[in-house]
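A.B. asks: Residue numbers (my numbering): -17 to 342. We put the CB at the ideal spot given by N, CA and C, even for glycine.
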Ligand code: SF4
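1. Should residue 107 be listed as close to the ligand SF4, given that the test is whether its C-beta is under 8 angstroms from any heavy atom?
2. Flag residue 1 as yes when its Cβ comes closer than 8 angstroms to any non-hydrogen atom of the ligand SF4, and as no otherwise.
3. When the Cα of residue 181 is compared with those of 158, 167, 163 and 150, which residue comes out closest?
4. Going by DSSP, what residue range makes up the beta strand (DSSP E) through residue 34?
5. Please classify residue 30: is it buried, with 16 or more other beta-carbons within 10 angstroms of its beta-carbon, or exposed?
6. Considering just the uninterrupted stretch of the beta strand (DSSP E) at residue 241, what are its terminal residues?
7. Express the C-alpha separation of residue 121 and residue 166 in angstroms, rounding to a whole number.
8. Between which two residues does the alpha helix (DSSP H) containing residue 131 stretch?
9. Are the CB atoms of residue 144 and residue 215 within a distance shorter than 9 angstroms?
10. Roughly how many whole angstroms lie between the Cα atoms of residue 189 and residue 111?
11. Can you tell which of 184, 290, 298 and 284 has its C-alpha closest to the C-alpha of residue 259?
12. Pull up the CB-CB distance for residue 308 and residue 273, whole angstroms please, since I reckon it's below 8 angstroms.
13. Hey, is residue 148 close to the ligand SF4, as in C-beta under 8 angstroms from one of its heavy atoms?
14. Kindly identify the DSSP beta-bridge partner or partners of residue -11.
15. To the nearest angstrom, how far is the alpha carbon of residue 201 from that of residue 262?
16. Is the Cβ-Cβ distance between residue 197 and residue 140 less than 9 angstroms?
17. Going by C-alpha distance, which of 67, 84, -14 and 245 is nearest residue 204?
18. Using the Cβ count rule (16 or more neighbours within 10 Å means buried), how would you classify residue 341?
19. Check for me: the alpha helix (DSSP H) holding residue 71 runs from which residue to which?
20. What first and last residue would you give for the beta strand (DSSP E) that runs through residue 274?
21. For the ligand SF4, is there any heavy atom lying closer than 8 angstroms to the beta carbon of residue 178?
22. Determine the DSSP secondary structure at residue 297, reduced to helix, strand or coil.
23. With DSSP as the reference, label residue 135 as helix, strand or coil.
24. Is residue 69 buried or exposed, if buried means 16 or more other CB atoms sit within 10 Å of its CB?
25. Starting from the C-beta of residue -9, find all residues in its chain whose C-beta is less than 6 angstroms away, skip the five residues before and the five after it, and write them out in chain order.
26. Just to check, is the beta-carbon of residue 202 closer than 8 angstroms to a non-hydrogen atom of the ligand SF4?
27. Using 8 angstroms for Cβ pairs, my map puts residue 155 next to residue 93. What's the rounded Cβ distance?
28. So what does DSSP say about residue 331, is it helix, strand or coil?
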C-alpha cells in the first residue's frame, strides 16, 4: 500500500488519536467521538456525525473509508444457526456463523482465508492457506452480522475466533481486532466474552500471554497421546502435548477464569476408555474447563461420530474426577456450519440478494 491506510477499521483508538493530532490538529476528544459514532452507534456516514464540525467532517471523509464485507450468501439452519459467506478484499470468501444457544448467541468469526494447519477432521484444513485477514476484514464480519441481526431482532453476546483459519497464525490481525472488540471506547465487550481458539501454537500462546491483550483462550487438544494427536493434527509434530500443557499452565487466567480445552471426540479413535482416564489425569489441577465436541460425521472426512450415550458417559466421568466438562453438540450441521465443516472455494460467487429477501 502506498500512502496512509484509509481503512478506518484498521486503526486502534490510540492510533486514531495520533493520526487526528498529526494530520488534523485535533484533540483526543475527536477520536472518542469518532469511535463512539462508528462502534457504538454503527454510523459510518460523516454527514450524520453532527457533533463534529462540518469542515472537519469533510476532511475526515477524504481521509477515511469504511469498507463493508458484502454478504455473498446466508443460510439458516433448522436449529436457528445462521451461516454467512462474506466477500472480503480481492473477492476472497470467508464464513462467519451465528450460533443460537439457550442462554446466549455466539458469533464465530474467521481469521484467515483457508488454513495452513491441516487438521484432518476439518474441511477448512483441506483448503490450505491463501492469506490472513486484516483487522478490518475481521471487524467487517462482526459489523456485517450485527447489521443482519436486526432482521431477526437479536444480537450476539459472545465472539469466538473459531471459524476458518488458525487465529494465532494471524497474530497481529487477530489481537488488534480483539482490542477493538474489547476497548471500552470501541465495541466494549468483556474479554471474558471474546475467545481465541488455537490449535496449539506454543510460541504464539506464550506471546499472547506476555502481551497486553486481554482475551479468553481455548486450545484444541483432541487427543491424549502424541501418536494420535500427530495423526489428526500435524502441528503436534512441532509442539507435542507436554509443551502445549506447559504453555497452558503458564497462561495468565484471572480469578474465576479458565482456559477452555476443546476435545473433538472422534468415535473409536480418541475417545476410548484409556483416553478419558488419560485426559482426566492430564487436566487435574489445571485451571481449565473441558468442552467435549462430538464429531459431526457429515463433514465427510472419514471419521466417526461417537454415540450420544458415550458422550454423556465421558461427561459423567470427567465430573466424577472433579473436572468441569460441557458437551457442545453440533449446531447448523444441515447448512455445513458445524465445527469442522467450514470451507469455501475462496473464489467469487454470484452474490445473492439474501438480505433483501430477509427484509421483505
Ligand atoms: S481445525 Fe482450525 S486450525 Fe485446524 S485446520 Fe481447521 S481451521 Fe485450521
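C.D. replies: This is what the structure holds:
1. yes
2. no
3. 150
4. For residue 34, there is no enclosing beta strand (DSSP E), as DSSP gives it neither H nor E.
5. exposed
6. 241 to 247
7. 16 angstroms
8. 117 to 131
9. no
10. 22 angstroms
11. 298
12. 5 angstroms
13. Yes, since a heavy atom of the ligand SF4 falls inside the 8 angstroms radius drawn around the Cβ of residue 148.
14. 47
15. 16 angstroms
16. no
17. Measuring C-alpha to C-alpha distances from residue 204 to each of 67, 84, -14 and 245 identifies 245 as the nearest.
18. Note that residue 341 scores a pLDDT of 28, beneath 50, so its modelled location is shaky and nothing firm can be said.
19. Note, residue 71: premise wrong, no alpha helix (DSSP H); not H, not E.
20. 270 to 276
21. no
22. helix
23. coil
24. buried
25. 118 and 121
26. yes
27. 7 angstroms
28. In this prediction, residue 331 has a pLDDT of 38, which is less than 50 and means its spatial position is unreliable; what the coordinates show is noted afterwards. Reduced to three states, the DSSP call for residue 331 is coil.
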